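Below is one structure, written out as structure tokens; the observations come after it.
Numbering (the working numbering), first residue to last: 2 to 299.
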């Protein structure tokens, strides 16, 4: 019997997850530190520089990104992390390092790597859009925490790509078909557990803040306005960011079944002006080359 058989076929979800996590490559300790770092806190620039410089592989990838044309159109050579932070800003370097550290933690079979890159590009796009929504909303939201939730919202799919490759290959064949596209039903048909639930539980076991784990675990399964009040606005920002990303920069080769389109309702709840929404869409389009550069190396 398959040790990673889904809960409906073999054992409760927790037993499946225990077995899956034993097969999953350990997350980079740098990724954990980066995910919980506050990029605007005093001293973060120095702490970020020390952390990146302490890992030669991460250092090389961050400097490579900082010297790539999308981040450095004038081709001014960036020679160290402090220089990268001065040129790009602490938050931008934090975002680059976080995506790269997370992406390096997932070991994926060669035939699934294009899907992994597409998912990282999608996740980074959602995170960028959701952060813009949270920053513009008149709700006093923690925009960087919403960014992290957006970056991790599909981490459950990354886990499934790593530990259930055969079932994922079969599912992705249908996801690539625009007439079918991804849906929760397609996941069930492939005998896979819901990736949102996987992602939420993985975030909890990694020790990430409870709000982030709850947002990841609820995304796509529970409507934001049906969540408890403390999560509602952050979840609405994440969902609206997801819809903006899907319509502005859909994942390459990964189609989705028609999703709900309640952007007007979410915009009203977040008290977000139409002008700010248009600006966020433009920002997502402008960030496309940078996001593609990072996703290609994740």
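Virtual Cβ for every residue (Gly too), placed ideally from N, Cα, C.
Note that the structure is a prediction, hence the values are computed from the model and not measured.
Asked: Alpha-carbon spacing of residue 66 relative to residue 133, whole angstroms; Found: 22 Å
Asked: Residue 125 - DSSP class collapsed to helix/strand/coil; Found: helix
Asked: Beta-carbon proximity list for residue 24, same chain, < 6 Å, skipping 5 on both sides; Found: 164
Asked: 8 Å contact criterion, which residue 245 and residue 130 should meet: CB distance rounded; Found: 4 Å
Asked: Residue 241 to residue 280 span [Cα, whole Å]; Found: 14 Å
Asked: Residue 76 classed as buried or exposed, judged by whether at least 16 other C-beta atoms fall within 10 angstroms; Found: exposed
Asked: Distance between residue 257 and residue 221 (C-alpha atoms, nearest Å); Found: 12 Å
Asked: 8 Å Cβ cutoff met for residue 158 and residue 216; Found: no
Asked: Segment contact, 8 Å Cβ cut-off, at least three pairs: the segment 39-55 with the segment 192-206; Found: no
Asked: Exposure of residue 80, with buried meaning 16 or more beta-carbon neighbours within 10 Å; Found: exposed
Asked: Buried versus exposed, by CB contacts within 10 Å (16 or more), residue 286; Found: exposed
Asked: 8 Å contact criterion, which residue 156 and residue 200 should meet: CB distance rounded; Found: 4 Å
Asked: For residue 14, the three-state DSSP class (helix, strand or coil); Found: helix
Asked: Through-space distance from residue 233 to residue 227, alpha-carbon basis; Found: 7 Å
Asked: Three-way DSSP call (helix, strand, coil) for residue 272 in this model; Found: coil
Asked: Closest Cα partner of residue 151 within the set 167, 238, 87 and 118; Found: 238
Asked: Beta-carbon spacing of residue 171, residue 191 below 8 Å; Found: yes
Asked: Run of the alpha helix (DSSP H) containing residue 57, from where it starts to where it stops; Found: 57-68
Asked: CA-to-CA distance, residue 229 to residue 97, given in whole angstroms; Found: 32 Å
Asked: CB contact flag (residue 138, residue 255, <8 Å); Found: no
Asked: Anticipated Cβ contact below 8 Å, residue 252 with residue 123, distance rounded; Found: 4 Å
Asked: DSSP state of residue 257 mapped onto helix, strand, coil; Found: strand
Asked: Residue 72 - DSSP class collapsed to helix/strand/coil; Found: coil
Asked: Residue closest to residue 210, alpha-carbon to alpha-carbon, out of 14, 39, 169 and 22; Found: 39
Asked: Assumed close pair residue 168, residue 22 - CB separation to whole angstroms, cut-off 8 Å; Found: Not confirmed; about 17 Å, so no contact.
Asked: Pairwise C-alpha distance: residue 262 and residue 224; Found: 12 Å
Asked: Candidates 173, 269 and 60: closest to residue 114 by CA position; Found: 173
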